[in-house]
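Working notes for the structure below.
Residue numbers (full-length UniProt numbering): 1 to 831.
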């Protein structure tokens, strides 16, 4: 007989069948609508529990099971505590997987998308998260993306949405551009293809206008967000302070501005490096060097950004045949093009100070360029050792700043540059504007018309949404380097809204991160028709109290959501600047120490696990496996252990013999103390998201109730009922089906989801006695039951009077007695 069959037989013997329990209570919950959020007249304090919404790529998987079980604990806990809880569900339903599926199946992406949504919705209902299903939304519904387009136009009006040509990341496999954040290790994060650099005209959101606020407002998130996420966002924004320095390049009328964080080292700048793919390099290259430069630039175009920035690669470059003038000493320095400078950083050019920057030093040694020490750190000469000295020290060989330390030298150099008109203090950011246009079909159309006479013309609001055509299918959607919409003539050719002349719609669609940057606002009023959301409803519910989801979204989605919130604040639509008060990240579900995959053959099918063991067993196993942020190794999960525990809960509830409402004060005080201590501890543990430990405490209380039934005072004692009811209410956070069934067996008619959190009697938390361990020469000789408040002198006297202690001492003289009241006494005999 298999272990699954054994488990099912054990359950049947106990009268506990998790599958039958699921079918019974799911139907009742749906009729009750127990999880619907209260309206504006509901007087209860509000809580907003939000889960990162899923993408409908297929049925739910183990990662979904973990994430939504974790998020559901928060929502159910707040509901039991008496809050009015908003816990919505929706789908992030635009995106490339649906388009690729449509190409493969010769269908429309909507067919695959909405079929998968219904599959997931059915699985969610079985898995029993406490969703308010009346607020369901899909980002691919015209009723939703109408407002995505409306928001785009508001950004456009404010100068935050703009179109420009420039170098972009191009995925040759998916045939679309990628934002910098969507390139991982030089590869497309979605398909893994090596990303290329291309020059295209694209739409951007001007997120850099908000860089300072995105950075400074993180102070609001301290203590509510994981520190590692805050650090990742700070590093991505990458604010640095320094100076913009103007270098004159011979033969160019306008000076070239170079950003540096170390203007104090300007006297050590012995050459300039321009990004090989920057327009500046193309502009200044001397005629005799053009052929060599163009050949080199072609090589660089095939390199990823990660490769270019690697400190381990041998430096490459080409002399541009030009010289620049160092503004602090008038020295002529050669101008080179190289791949280790990026066109997007600063102004696409750097001053190279090889003695104090390792990449500059590697380049200088490779091409025989001068190395001049200008900061004396006590380290050997970098030209001899090949090791740069980037640390702090005293300025040397630097004219007017000689003898100064770093901070003073930076300040004085900036003053001198400003006096000469050749530089100024500056702030720079690693963050770049958000590239939002994509050359694919299944996304939100960009609501702009391009007119030969009028230029860019916004689509009038009363014509929104600009709907996707429903007659493109299969091969019509195959990637061709441009959006499939460009070839949909009936759709793309329109009259200009401004002059009435022949014009064309913008054929790109928006990055799906635009859709997910504001969906949590829409949940507050999903049927609202006068705007993207009802301002008053958002004011009632937001900011989100706890957001649960994967740490893989630490940069992209969370940064973009924070940006959107700040723009909406500036528009007067919201009265807060951060959307999520708390962030709870879950780990991954792995198997045998490795990520689950078909290739490794270690995948686990969620549907099969639920069919074999039941929803509650899977939920409980996930939550008991460790803290939410840790990875769960499915190989170490004890499903049978969880099944046995839930069967014990069911059996205890079934055996309680006292009537509902029996006065627990008449029951056994020892069991009541365990019950109330459990309530107190589980409350704190759930608040701290230590769900695994909370479940362990419930297991201890079930064991205490079992002992009371089996060994006295018996199943009729009201304290046993109190313990069983406490277990049931607390368990409803983690295993709702079993809790509901146990609640009914306890004679309760209203559902457990409406029971309310049990109150703690403070008097029962006070320990009437504690056990004091008495040691002689480090060995335990006795245990004394003493009052918790006993003083050290009285405890020492009791310990010395103990017959076992006297016997252990054997008349030996006592050297000292160490007392740690009320827990320990250590008696040290003299040797």
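Glycine is no exception: its CB is placed at the ideal position from the N, C-alpha and C atoms.
What three-state label does DSSP hand residue 20 in the structure shown?
Counting from one through the chain shown, the residue named residue 20 turns up at place 20. Note: residue 20 maps to helix in three-state DSSP.
Residues in its own chain within less than 8 Å of residue 108 by CB, not counting five upstream and five downstream?
Locating residue 108 in the chain shown gives position 108, where the first residue counts as 1. Cβ within range, chain order: 102, 470, 472, 473.
Does the separation of the CB atoms of residue 77 and residue 47 fall below 7 Å?
On the chain shown, position 77 is the one that residue 77 refers to. On the chain shown, position 47 is the one that residue 47 refers to. No, the Cβ-Cβ distance between residue 77 and residue 47 is not below 7 Å.
Take residue 232 as the anchor and find which of 500, 553, 820 has the nearest alpha-carbon.
By one-based count along the chain shown, residue 232 stands at place 232. Among 500, 553, 820, the Cα nearest to that of residue 232 is on 553.
Which of helix, strand or coil does DSSP assign to residue 632?
Working through the chain shown from its first residue, we reach residue 632 at position 632. If DSSP states are grouped into helix, strand and coil, residue 632 belongs with the strands.
In whole angstroms, what separates the C-alpha of residue 313 from that of residue 302?
Along the chain shown, read from residue 1 onward, the residue named residue 313 stands at position 313. Along the chain shown, read from residue 1 onward, the residue named residue 302 stands at position 302. Whole-angstrom Cα-Cα distance: 15 Å.
Is there contact between the stretch 513-529 and the stretch 448-464, where contact requires at least three CB pairs shorter than 8 Å?
no
Could you give the residue range of the beta strand (DSSP E) that holds residue 846?
For residue 846 there is no data in the structure shown, the boundaries of the chain being 1 and 831.
In chain order, what residues of the same chain lie with their CB nearer than 6 Å to the CB of residue 625, ignoring the 5 residues before and after it?
In the chain shown, counting from the first residue as 1, residue 625 sits at position 625. Within the same chain, residue 625 has close Cβ partners 632, 637.
The beta strand (DSSP E) with residue 737 in it runs from where to where?
Start at 1 with the first residue of the chain shown, and residue 737 comes out as number 737. Segment 736-745 is the alpha helix (DSSP H) holding residue 737; no beta strand (DSSP E) there.
With a threshold of 7 Å on Cβ separation, who are the neighbours of residue 161 within its own chain once the five nearest residues in sequence on each side are excluded?
As a working mapping, residue 161 is identified with position 161 in the chain shown. So the qualifying residues of the chain are 152, 155, 203, 205.
Closer than 7 Å to chain D by CB, residue 601:
No chain D appears in the structure shown, which is made up of a single protein chain.
Rounded C-alpha distance that separates residue 159 from residue 209:
On the chain shown, position 159 is the one that residue 159 refers to. On the chain shown, position 209 is the one that residue 209 refers to. About 10 Å.
Per DSSP, the bridge partner or partners of residue 91
By 1-based counting over the chain shown, the position of residue 91 is 91. Bridge partners of residue 91: 138.
Rounded to whole angstroms, what's the CA-CA distance from residue 699 to residue 674? Just pull it up for me.
As a first step, residue 699 is located in the chain shown; it is residue number 699 there, counting from the start. As a first step, residue 674 is located in the chain shown; it is residue number 674 there, counting from the start. About 12 Å.
When DSSP labels each residue in this structure, what does residue 604 get in the three-state scheme?
What you label residue 604 is simply residue 604 of the chain shown in a count that begins at 1. It is coil, neither helix nor strand.
Segment limits, alpha helix (DSSP H) that includes residue 242
Residue numbering aside, residue 242 sits at position 242 when the chain shown is read from its first letter. No alpha helix (DSSP H) holds residue 242; the beta strand (DSSP E) holding it covers 240-249.
Can you give the Cα-Cα distance for residue 583 and residue 298, rounded to whole angstroms?
Taking the chain shown and counting its residues from 1, one reaches residue 583 at position 583. Taking the chain shown and counting its residues from 1, one reaches residue 298 at position 298. So the two alpha carbons sit approximately 44 Å from each other.
Cβ-based neighbour list, residue 286, same chain, cut-off 7 Å, excluding 5 preceding and 5 following
Here residue 286 is taken as the residue at index 286 of the chain shown, counted from 1. Contacts found: 320, 321, 322.
In angstroms with no decimal places, state the Cα-to-Cα distance between residue 45 and residue 388.
For this step, residue 45 is matched to residue 45 along the chain shown. For this step, residue 388 is matched to residue 388 along the chain shown. Residue 45 and residue 388: Cα-Cα distance of roughly 60 Å.
Does the distance from the CB of residue 862 to the CB of residue 639 come in under 7 Å?
Summary: the structure shown does not reach residue 862, with the chain confined to residues 1 through 831, and so no result is reported for it.
Can you give me the C-alpha to C-alpha distance between residue 782 and residue 651, rounded to a whole angstrom?
Indexing the chain shown from 1 puts residue 782 at position 782. Indexing the chain shown from 1 puts residue 651 at position 651. Each residue's Cα considered, the two are about 39 Å apart.
Helix or strand or just coil, what does DSSP make of residue 623?
On the chain shown, residue 623 is found 623 positions in, with the first residue counted as 1. Residue state, collapsed to three classes: helix.
Counting only runs that start and end within the UniProt domain "Methionyl/Leucyl tRNA synthetase" (53-193), where is the alpha helix (DSSP H) found for 4 or more residues in a row?
62-80, 96-105, 109-127, 142-157
Tell me where the beta strand (DSSP E) around residue 351 begins and ends.
If you number the chain shown from 1, residue 351 lands on position 351. It spans 349-352 - the beta strand (DSSP E) in which residue 351 sits, taken as one unbroken run.
Under the three-state DSSP convention, the category residue 43 falls into:
If you number the chain shown from 1, residue 43 lands on position 43. Three-state DSSP puts residue 43 in coil, outside helix and strand.
Between residue 617 and residue 642, is the Cβ-Cβ spacing less than 7 Å?
For the purposes of this step, residue 617 is taken as residue 617 along the chain shown, with counting starting at 1. For the purposes of this step, residue 642 is taken as residue 642 along the chain shown, with counting starting at 1. Yes; because the gap between Cβ atoms is below 7 Å, this pair is in contact.
Should residue 619 be labelled buried (16 or more other beta-carbon atoms within 10 Å of its own) or exposed?
Locating residue 619 in the chain shown gives position 619, where the first residue counts as 1. It is buried - the Cβ of residue 619 has at least 16 other Cβ atoms within 10 Å.
What are the partner residues of residue 782, as DSSP defines its beta bridges?
Locating residue 782 in the chain shown gives position 782, where the first residue counts as 1. In the DSSP secondary-structure assignment, residue 782 is bridged to 774.
Measuring CB atoms only, is the stretch 751-771 touching the stretch 686-704, in the sense that at least three cross pairs come out at less than 8 Å?
No: fewer than three Cβ pairs fall under 8 Å.
Alpha carbon to alpha carbon, how far is residue 26 from residue 16? Give it in angstroms, no decimals.
Against the chain shown, residue 16 aligns to sequence position 16. Against the chain shown, residue 26 aligns to sequence position 26. Cα to Cα, the separation comes out at about 16 Å.
Are the CB atoms of residue 588 and residue 628 within a distance shorter than 7 Å?
As a working mapping, residue 628 is identified with position 628 in the chain shown. As a working mapping, residue 588 is identified with position 588 in the chain shown. Cβ atoms of residue 628 and residue 588: not closer than 7 Å.
Residue 656 and residue 715 - do their beta-carbons sit closer together than 7 Å?
As a first step, residue 715 is located in the chain shown; it is residue number 715 there, counting from the start. As a first step, residue 656 is located in the chain shown; it is residue number 656 there, counting from the start. Cβ atoms of residue 715 and residue 656: closer than 7 Å.
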